[in-house]
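Heads up: the sequence shown at position 319 corresponds to 378 in the working numbering, and the numbers run straight through without jumps. Every residue, glycine too, gets a C-beta built ideally from N, C-alpha and C. Take a look at the structure below.
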Amino acid sequence: MSEILKQIQAKAKQNKKRIVLPEGSDERIVKASVQIVADKLAEITLIGNKADMEKRFGVSLDGITVVDPNAIDITPYATNLYELRKAKGMTMEEATRLAKDEMYLGVLMVEMDEADGMVAGANHSTGDMLRPGLQIVKTLPGIKTVSSCFIMVLPEDKGYGESGVFIFGDCAVNIDPTAEQLADIAIASAESAKSIAGIKEPRVAMLSFSTSCSASHPFVDKVNEASNIVHEKRPNLLISGDLQLDAAIEPKVACIKAPKSEVAGKANVLIFPDLQSGNIGYKLVERLAGAQAIGPICQGFNKPLNDLSRGCSVEDVINVVAITALQAQ
C-alpha cells in the first residue's frame, strides 16, 4: 500500500463515518465490508438479505447494519423521493418502485442522514450511480457539475507535483465540458487535493496545447474562459491557464514560457480540457511512468457518492470507502 493510501486510511479511522454499500449481492462488497469494520475504517450499512449474504459468502455480518428493501417500511424513502421529484412529474407509485432499487435506496439513505456517504458500481454502470445522485443529493452550492479526479502517485519524487503527487481531473465523466463546467472541475479538483490528497496549497494548471495564448483557437479560448470564471468564484485559488504540460510542471520550461505565472512549473492539480485528453493522460502516466492511479473519485456532489470500477477488487472497495469517509469529514 502506498504512503498516501496509508494516510487516507489513518485519517478515516480518526473520525469514523457511516458508509452505505448498496450492492450486497456482490461478494467483493460483502468481504470488503467485513474487513472495513474489522479495521475500524468506517461504520458500514449493506443493502441486501443478511441470511443470504452470510450463507453465500461464508461470512459473519455481526457489527454491520444490513437493510433489506423487501423487509422494511419503504414509505419514508418513497415519500422523500416523491417530494424531491414531483415537480419533474414523478408519481408516488413510481417513487415507491424506485425506492426499492438498491442504488436509489442507498442515495436516499445518504440524503436522509442515515449514512454519510455511498460507494457503489461493482455491478452497476457509472450512469446507474450518477443518475440517482443527481436527482436526490444534487450538487454542491455554487457547483453545477459532477466530475471525477484521480490521485496520481509517481513511483519516485522527481520534483514534480506535490512530492510526486498530482490530482488529475476530469478523466472519467465529462466528455466535452464547457468553460463553466471546466471551472467547476477545477474548483472541485482543488478541494479534492486538500481534503483527500493532503495538498495544503493546490496550484491548478488549466492544460492546453498553448501556453499564455501562444496559439489562437476556440479550444484555447475555452480554457482561458474557464480560468477567468474560477478567478471570479475563488479569487484565492492559485490557477493559471492556458498552460502546456511541460510549462505546468517543469520549472525550467516555465521560466521561458510563462515567467509571470504563480502556477507554471509548480502545478500539482492538472485540469484536462476534455475527457479524451484526461483519460489518455492518466493512463500514459500510469503505464509509462509507473504511477499509481487512485480513483476515479467523484466530486461535486452535495454529499459523498463514489463510483467503483466493475473490475474492482476487495482492496479497491476498501480504499474507496476510506476516501469517501474523508470526503464526509
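When Q388, G354, F360, Q386 are compared, the shortest CA-CA separation from S372 is found for G354. Rounded to whole angstroms, the gap between the alpha carbons of A352 and M211 is 5 Å. When Cβ pairs closer than 8 Å are counted between the two stretches, the segment 216-232 is seen to touch the segment 324-334, the count reaching three or more. Counting only the Cα atoms, D98 lies some 44 Å from D301. For secondary structure counted as the beta strand (DSSP E) over 3 or more consecutive residues, the segment 112-169 holds these complete runs in sequence order: 124-126. In terms of Cα proximity to K362, the closest of V312, I88, Y219, Q388 is Q388. For the set K292, K76, G223, D216, the Cα lying nearest the Cα of A245 is the one of K292. Measuring C-alpha to C-alpha distances from A306 to each of N295, I202, S320 identifies S320 as the nearest.
Judged by pairs of C-beta atoms under 8 Å, the segment 342-351 does not touch the segment 172-186, as fewer than three such pairs exist. Under the 10 Å beta carbon count, K217 is surrounded by fewer than 16 other beta carbons and is classified as exposed.
Separation of I308 and Q66 (C-alpha to C-alpha, rounded to the nearest whole angstrom) is 25 Å. Rounded to the nearest whole angstrom, the C-alpha separation of N129 and A252 is 40 Å. DSSP places D172 in the coil class of the three-state scheme, outside both helix and strand.
One alpha carbon belongs to T150, the other to Y141, and they sit about 7 Å apart. Minimum Cα-Cα distance from I382 among the listed residues S222, S207, P261 corresponds to S207.
Contact annotation: the segment 188-196 does not touch the segment 108-118, with fewer than three C-beta pairs closer than 8 Å.
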